[in-house]
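Colleague: Sharing a structure here in structure tokens format.
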Amino acid sequence: MPFREINSKMVEATVVPGQKMYSQRGAMLAYRGDVSFTPNLQGGQGGLASMIGRRVAGEATPLMTVEGSGTVLFGHGGHHIQVIALAGDTLYVEADRLLAFDGTLQQSTMFMGSQGGVMGMVRGQVTGQGLFTTSLKGHGSVAVMAHGGVIELPITPGREVHVDPQAYVAHHGDVRNKLSTALGWRDMVGRGSGEAFQLELSGSGAVYVQASEEKL
Amino acid sequence: MFRLQGGKTLAVDLTGDGVKAKNGSMVAYDGRMAFKKMSGGGEGIRGMVTRRLTGEQMTMMEVTGQGTCYFADRASEINLVTLRGDKLYVEASNLLATDAGLRTGTTFTGLRGGAGGNGLFTTTVEGTGQAAIMSDGTAVVLRVTTRYPLSVDPGAYIAHQGNLQQHFQSGVNFRTLMGEGSGESFQIRFEGEGLVYVQPSERNTLGGDV
């Protein structure tokens, strides 16, 4: 576990020789030791194809590679930080919420629009988030950002969880997502409860939800 | 039925019953839920008219269902208040949710509303059950007794309950008029027996500038 939570808004990462780490560019607050930060033109791993994929996807949050030997403090914009440990499973997270992650994790971009047909396509428009989501797979830790605290809600078969698209942060496990609507005639005439769209997550895993409906 | 999760998220377990909550404050739920906007606060035509007149724009929704519903609003801290037949006075912007069985209404607050920057009316919650109120930072609950009255900055006041009389106190003097005010020229003074909820932050108020 390379991340140590200093407080709810700062994490300390230990960098050891031969092990890379990626972080959002500009998220370094302080460091000790011999550590180098190089802008990552490829936007993470996966080579050229992945880079093009990311450009097209608009998941263009600039990343940097962190290497060397020492400790680095990460934080960004006073946002709450949640460390999520992966044990061989996959984490799905919006790129702009990604603060830092282990270089051992396999990074790729997933097209979320393919799930749930037309409503899947609508998802990006409604959430204000991209149609593409970054996925991280393997063994290691990820630090993600959220506004306010984060709660983890388990998803089990037969007990799906509905999340406000604006409050959704990340999810992991074998989970399908689709956009569900509760649009009635009331919503059409502008008298809705404000809960017209929800992200429905089913399968088995967990979803991370922030205590706010504010974008980062 | 009301649980806090992490201080900033309210979890409400529903078994076919309902809860009233600020419009759009649901962040997640499991099970089955239905969301319905309450017209005029659910108190009939009279409540609606009152609301229109007072400008106490508290749009709430009624959530009914089976399962757990999670509420949060702009990462505000949440405080649980238990009512046993008494009345809670709370600024509309600070009310997150109440048991469906509690009655909500509006009441005239007089001059203090003007300096508080929250209009001349405040929201009341009455009955037996739980309410969740929001604060900017962790709120403190201060007890007021007949021997120990309390004065509160209008910007830091969020709610009160019990048998309290409130009046508006102004310390405007010559210095204030000369532009040398301490910034503490207005207070709300509470007398009687009850509890006052105060947040460690001051929202922008008219009185805060003098």
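The listed protein sequences correspond, in order, to chains A and B. Numbers 918 to 1133, taken from the working numbering, label the letters of the first sequence in order. Numbers 2 to 211, taken from the working numbering, label the letters of the second sequence in order. Think of the CB as a built atom: it goes at the ideal place given N, C-alpha and C, for glycine as much as any other residue.
Taking just the CA atoms, how far does residue 1129/A sit from residue 987/A?
Modeller: Using only the alpha carbons, I get a separation of about 35 Å.
Colleague: Taking residue 90/B as the reference, give the member of 100/B, 66/B and 127/B with the closest Cα.
Modeller: Measuring from the Cα of residue 90/B, the nearest candidate turns out to be 127/B.
Colleague: Are the Cβ atoms of residue 1054/A and residue 1022/A separated by less than 9 Å?
Modeller: Closer than 9 Å, so yes.
Colleague: Figure out for me which residue from 36/B, 154/B and 108/B has the closest Cα to the Cα of residue 101/B.
Modeller: 36/B
Colleague: Does residue 1123/A have its Cβ less than 9 Å from a Cβ in chain B?
Modeller: Answer no: the Cβ-Cβ gap between residue 1123/A and chain B never drops below 9 Å.
Colleague: Can you pull out the residues from the region 1062-1075 of chain A whose beta carbon lies closer than 7 Å to at least one beta carbon of chain B?
Modeller: 1064, 1065, 1066, 1068 and 1070
Colleague: Going by beta-carbon coordinates alone, are residue 152/B and residue 200/B separated by less than 9 Å?
Modeller: no
Colleague: List the residues of chain B that residue 1077/A touches, going by C-beta distances under 8 Å, in chain order.
Modeller: 31
Colleague: Comparing alpha-carbon positions, which option in 951/A, 954/A, 993/A and 1074/A lies nearest residue 924/A?
Modeller: Answer by Cα proximity: 993/A.
Colleague: Can you tell me the Cα-Cα spacing of residue 1094/A and residue 936/A, whole angstroms?
Modeller: 33 Å
Colleague: Tell me which residues share the same chain as residue 147/B and place their Cβ nearer than 8 Å to its Cβ, disregarding the 5 neighbours each side in the sequence.
Modeller: Contacts found: 192, 193 and 194.
Colleague: With DSSP as the reference, label residue 1038/A as helix, strand or coil.
Modeller: The predicted position of residue 1038/A is uncertain, since its pLDDT is 47 and thus under 50; a value taken from the coordinates is nonetheless stated next. Helix.
Colleague: Please confirm whether residue 154/B has its beta-carbon closer than 9 Å to some beta-carbon of chain A.
Modeller: No, its Cβ sits nowhere closer than 9 Å to a Cβ of chain A.
Colleague: What is the rounded straight-line gap between the Cα of residue 1009/A and the Cα of residue 65/B?
Modeller: Distance from the CA atom of residue 1009/A to the CA atom of residue 65/B, rounded to whole angstroms, is 31 Å.
Colleague: Might you give, ordered along the chain, the residues of its own chain that have their beta carbon closer than 8 Å to the beta carbon of residue 4/B, omitting 5 neighbours on each side?
Modeller: Sequence-distant partners of residue 4/B (beyond 5 residues in either direction) whose C-beta falls short of 8 Å from its own C-beta, in its chain, are 11, 12, 13 and 14.
Colleague: For the putative contact between residue 28/B and residue 1080/A, defined by C-beta atoms under 8 Å, what is the C-beta separation to the nearest angstrom?
Modeller: 7 Å
Colleague: Check each residue of the region 77-96 of chain B: if its Cβ is closer than 7 Å to any Cβ of chain A, include it; give the result in chain order.
Modeller: Within the region 77-96 of chain B, not one residue has a Cβ closer than 7 Å to any Cβ of chain A.
Colleague: According to DSSP, is residue 77/B part of a helix, a strand, or is it coil?
Modeller: coil
Colleague: What are the start and end residues of the beta strand (DSSP E) that includes residue 1140/A?
Modeller: Nothing about residue 1140/A can be read from this structure; chain A reaches only from 918 to 1133.
Colleague: If you draw a straight line from the alpha carbon of residue 1018/A to that of residue 26/B, how long is it in whole angstroms?
Modeller: 31 Å
Colleague: Within the region 1044-1100 of chain A, note down every full beta strand (DSSP E) run reaching 3 residues or more, in order along the chain.
Modeller: 1049-1063, 1067-1072, 1078-1080 and 1085-1098
Colleague: Who are the neighbours of residue 27/B on chain A, taking C-beta pairs under 7 Å?
Modeller: Residues of chain A with a Cβ closer than 7 Å to the Cβ of residue 27/B are, in chain order, 1081 and 1112.
Colleague: In its own chain, which residues sit with a C-beta less than 6 Å from the C-beta of residue 163/B, not counting the 5 before and 5 after it?
Modeller: So the qualifying residues of the chain are 194, 195 and 196.
Colleague: Looking at the structure shown, is residue 1033/A part of a helix, part of a strand, or coil, going by DSSP?
Modeller: Legend: pLDDT at residue 1033/A = 47, less than 50; position of this residue unreliable, value from coordinates given subsequently. Coil.
Colleague: Hey, is residue 4/B's beta-carbon within less than 9 Å of any beta-carbon in chain A?
Modeller: False, the Cβ-Cβ gap to chain A never drops below 9 Å.
Colleague: Give the interface partners of residue 1130/A over in chain B, defined as CB-CB distance under 8 Å, in chain order.
Modeller: Within chain B, the residues 25, 26, 28, 73, 74 and 75 have their CB atoms less than 8 Å from the CB of residue 1130/A, given in chain order.
Colleague: Closest to residue 1078/A by C-alpha separation, out of 930/A, 1121/A, 948/A and 1002/A, would be which residue?
Modeller: 1121/A
Colleague: Below 8 Å on the Cβ atoms is my contact criterion, and I expect residue 74/B with residue 23/B to pass it. Report the Cβ-Cβ distance as a whole number of Å.
Modeller: The Cβ separation is near 6 Å, so the contact holds.
Colleague: Does DSSP classify residue 85/B as helix, strand or coil?
Modeller: strand
Colleague: With a 10 Å radius around its C-beta and 16 neighbouring C-beta atoms as the bar for buried, classify residue 895/A as buried or exposed.
Modeller: Outside the displayed span of chain A (918 to 1133) sits residue 895/A, for which this structure offers no information.
Colleague: Counting along the chain, where does the beta strand (DSSP E) carrying residue 105/B start and finish?
Modeller: 104-109
Colleague: Is there a Cβ of chain A sitting closer than 9 Å to that of residue 99/B, yes or no?
Modeller: no
Colleague: Is the separation between the beta-carbon of residue 952/A and that of residue 932/A shorter than 9 Å?
Modeller: yes
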